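Written below as C-alpha cells is the structure these notes are about.
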Amino acid sequence: MIRTTRFWMVFFAVLLCICGGASWYLINREPGSRVAGIYQDGALIRRINLEDGQAFEFTISKDGMENQVCVDEEGIRIIRSNCPDQTCVKHGNLRSGAPIVCLPHHIVIKWENETDAIEDIDAVTGG
Amino acid sequence: MYKGEEKVKKVLLMLLLICVIPIGYNVVYALKQPVTNEKHSSEIFAMDTIMTLTAYGNRADRAIELAKEEVKRLDKLLSSEGESSLIALINSNNNSNKSSELNRDAAVIIKKALSVYDETRGAFDITVYPLMLEWGFISREYKVPSKDRIDELLKIIGSDKIIFDNEKKTVAFKEEGMAIDLGGIAKGYTSNSVIEIFKKAGVTSGIISLGGNVQTLGTRPDGSLWRVGIQNPLDLYGNLGVVTTSEKALITSGGYQRYFEKDGVVYHHILNPKTGMPANEGLISVTIVADDGMLADALSTSLFVMGEEAALDYWKNHNDEFDAVLVRDDGSIIVTAGLKDNFESEHDFEVAYHDKDN
C-alpha cells in the first residue's frame with residue numbers, strides 16, 4: 006500500500022514539474038532566430054536564416070523587374086533595383102519594425118518571427 | 005483502513021486537484037482561443053502603396069478576402085490612370101461642360117471632396133491633378149516646372165470649376181483640360197469600406213493600414229485600446245509618439261516619403277493648389293484622428309497646406325469632428341486637446357486648447 010502511495014506521490018510530483026516547466030517555457034521562450042521572408046505580390050518566395058552566417062547575393066526577377074538582394078554578416082538588403090524611385094535600395098539593411106518595400110515591384114522583405122507588436126504598437130501612420 | 009492511509013488519500017486528492025484545475029483551465033482556454041482571438045493578416049499592393057489588413061476571430065479570414073476584393077475593385081475604379089478607371093474616363097472627357105456619369109462610390113467621394121474644398125477654402129482640391137502630372141509625381145519622372153507653366157496650369161485648377169450633380173450622379177468641368185485625382189481622399193473612402201466589410205462579416209476587432217492610413221475597428225481582442233505609432237518625420241525608423249484609440253481613422257500627410265531633390269532643394273508631393281508649388285507653411289507632418297476615414301484623409305492634406313495657425317483655427321471650429329497631431333519643421337509637436345490623454349511621447353509636446361477649454 007505504502008509503495009503504491011509513494012508511486013502516486015512521485016507521479017504527481019513529476020506531473021507538476023512538467024506543467025511548471027512547460028508554463029515557464031511558454032512564458033519565457035525566445036522569439037526565435039532571425040529569419041527574413043521575401044514576398045512578391047504577397048506570396049512568400051524565399052525564407053533566409055541570417056544566423057547561418059553565409060554571405061551571398063541573388064536577384065529577384067519578374068517581367069523585367071529586377072531587385073538584387075545581398076545577405077551578409079551585416080544583414081539583408083536590396084543593393085540594386087531597376088525600379089524608378091530606388092526607395093528599397095535607400096532603405097539599407099532590414100531593421101526592426103521597418104520592412105523593406107519595393108512598391109513598383111511589389112516586393113516586401115520582413116522579419117518572419119518578429120513579435121507582432123514592436124514596442125507594443127499595432128500599426129504606424131505616416132505620410 | 006488505518007489513520008495514515010486516510011491522510012495520504014487526502015494529500016493525493018489535493019495533488020490531483022492542483023494538477024487538474026490548471027490543466028482544465030488551459031484546455032478550455034486553448035479550445036476557446038482560436039474561435040475568438042485568432043489573428044489573420046494579409047498584405048495587398050494597391051493604390052500605389054502596400055496595405056496590411058488584420059482582423060481577429062474565426063470570421064476574420066473570410067472578411068479579409070472580401071475586403072481585398074473590394075480594395076482591388078476600388079483601386080481600378082478610382083485610379084487616375086488605367087483603362088478600367090472611371091476617373092481616367094472622366095478626365096479624358098474633359099471638354100468644358102460635357103458631363104460624365106458617376107457610380108455610387110465616385111459620387112460619394114466627389115461630394116465629400118467638394119465639401120472639404122469649401123470648408124477649407126480650397127486647401128484641399130482634387131483638381132490639382134494637372135499640376136501633379138507636370139511635376140512628375142504621377143510618373144515618378146520628376147521635374148521642376150517653369151513659373152510660366154505653373155501659372156498657365158493654375159487657370160484650370162479649382163474645385164469651384166467642377167459641376168457636380170448629386171441627384172443625377174454626373175460631373176463636368178467648366179474649363180477644358182481640367183482633371184481630377186482622388187489620391188488625397190480615396191484611401192480614406194477605401195478604409196471606411198474595409199471596416200464596413202469587417203463589421204458585416206461579423207468581425208469585431210481589426211486594424212488596417214493602407215500605406216500608413218490606419219483605421220481601427222473595436223478594440224484589441226483583449227479589450228485594450230489599439231496603439232498606433234506616428235512616424236517621426238525626422239527619423240523614419242522611429243515614432244514620435246503613440247495614439248491609443250478605438251473605432252478611429254488615423255491618417256498622416258507629410259512630405260518626407262514622396263519627394264525629389266533638385267539642385268539641393270527638396271520638392272515634396274503635397275502641392276498648394278493656390279501656388280502650384282509644394283506646400284511650405286512650416287509643418288512637416290499632420291496626423292488627423294477622426295471617426296470618418298475619408299474626412300481624416302482629406303483634412304490631413306488640408307491642414308498640411310494651411311500651416312499651423314490656420315490649421316488650429318480650423319480645428320477650433322470643427323473640434324467635434326476630429327483631433328490632430330501637428331509637427332513643425334523644427335520637430336516640435338502640437339497635440340489638440342481631445343488627444344491629450346491618448347497621446348504618449350518621449351518628446352515634449354504642446355497641447356492646443358479650444359477657447360472654451362481655457
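As given, the protein sequences belong to chains A and B, one line each in that order. Residues are numbered in the working numbering as their position in the first sequence, beginning at 1, plus a constant of 5. Residues are numbered in the working numbering as their position in the second sequence, beginning at 1, plus a constant of 4. Heads up, the beta-carbon is just placed ideally off N, CA and C, and yes, glycines get one too. Note that the structure is a prediction, hence the values are computed from the model and not measured.
In the structure shown, aspartate 334(B) adopts coil according to DSSP, grouped into three states. Contact between lysine 191(B) and aspartate 122(B) fails: their C-beta atoms lie close to 22 Å from each other, not under 8 Å. Nearest CB-CB separation between arginine 8(A) and chain B: not below the 8 Å threshold.
For leucine 99(A), no CB of chain B lies under 8 Å from its own CB, so it is not counted at the interface with that chain. At a cut-off of 8 Å between beta carbons, threonine 130(A) contacts chain B.
The alpha-carbon separation between alanine 117(B) and lysine 115(A) amounts to approximately 36 Å. Rounded to the nearest angstrom, the gap between the Cα atoms of asparagine 41(B) and threonine 208(B) is 10 Å. Listed in chain order, the non-local C-beta contacts of threonine 174(B) below 6 Å within the same chain comprise Ser103 and Glu105, local neighbours out to five positions each way being set aside. The beta carbon of serine 143(B) sits closer than 8 Å to those of Leu137, all from its chain and outside the five residues before and after it, given in chain order. In the DSSP secondary-structure assignment, aspartate 327(B) is bridged to Val293(B). Residue-level contact check: isoleucine 126(A) touches chain B, since one or more beta carbons of chain B fall below 8 Å from its beta carbon. Inter-residue distance for arginine 153(B) and tryptophan 139(B) is about 11 Å (C-alpha atoms, whole angstroms).
Going by beta carbons, glutamate 74(B) and isoleucine 201(B) fall inside the 8 Å limit. Take lysine 344(B), set aside five residues on each side of it, and the residues of its chain with a beta-carbon closer than 7 Å to its own are Val355, in chain order. When Leu240(B), Val246(B) and Lys159(B) are compared, the shortest CA-CA separation from proline 134(B) is found for Lys159(B). CA-to-CA, the gap between arginine 332(B) and proline 237(B) works out to about 10 Å. For arginine 66(B), the CB contacts under 8 Å within the same chain, skipping 5 residues up- and downstream, are Ala205 in chain order. Around the beta carbon of tyrosine 241(B), a 10 Å sphere encloses fewer than 16 other beta carbons of the protein chains shown; the residue is thus reported as exposed.
DSSP places asparagine 170(B) in the coil class of the three-state scheme, outside both helix and strand.
DSSP places leucine 240(B) inside the beta strand (DSSP E), whose first and last residues are 239-249. Counting along the chain, valine 198(B) sits inside the alpha helix (DSSP H) bounded by residues 190-204. Within the region 41-64 of chain A, contact with chain B at the beta-carbon level (separation under 9 Å) is assigned to Tyr44, Asp46 and Gly47. The beta carbon of tyrosine 60(B) sits closer than 6 Å to the beta carbons of Asn41, Lys43, Ser209 and Pro225 from its chain, once the five residues preceding and following it are set aside; these are given in chain order. Annotation: Cβ neighbours of valine 113(A) in chain B (cutoff 7 Å, chain order): Glu47 and Ile54.
Taking 8 Å as the CB threshold, isoleucine 234(B) lines the interface with chain A. Setting aside the 5 residues that flank it on each side, glycine 297(B) is surrounded in the same chain by Gly192, Ser195, Asn196, Gln219 and Ala253, each with a C-beta closer than 6 Å to its C-beta; the list follows chain order. Here DSSP, grouped into helix, strand and coil, assigns cysteine 88(A) to coil. Proximity of chain A to glycine 216(B) at the Cβ level (cut-off 8 Å) is accounted for by Val129, Thr130, Gly131 and Gly132, in chain order.
An exposed status is given to phenylalanine 63(A), since fewer than 16 other beta-carbon atoms sit within 10 Å of its beta-carbon. Taking 8 Å as the CB threshold, aspartate 90(A) lines the interface with chain B.
For leucine 20(A), the secondary structure class from DSSP, reduced to helix, strand or coil, is helix. Here isoleucine 50(A) has Ile43 as same chain residues with Cβ atoms under 6 Å from its own Cβ, once five neighbours each way along the sequence are excluded. Counting only residues of its own chain and dropping the five nearest sequence neighbours on each side, alanine 92(B) has a CB closer than 8 Å to the CB of Ser83, Ser84, Glu85 and Gly86.
Between cysteine 75(A) and alanine 128(A), the alpha-carbon positions lie close to 28 Å from each other. Shown here for leucine 316(B): same chain residues with a beta carbon closer than 7 Å to its own, the five before and five after excluded, namely Ala356 in chain order. Scanning chain B for C-beta atoms nearer than 8 Å to the C-beta of valine 106(A) yields Ile54, reported in chain order.
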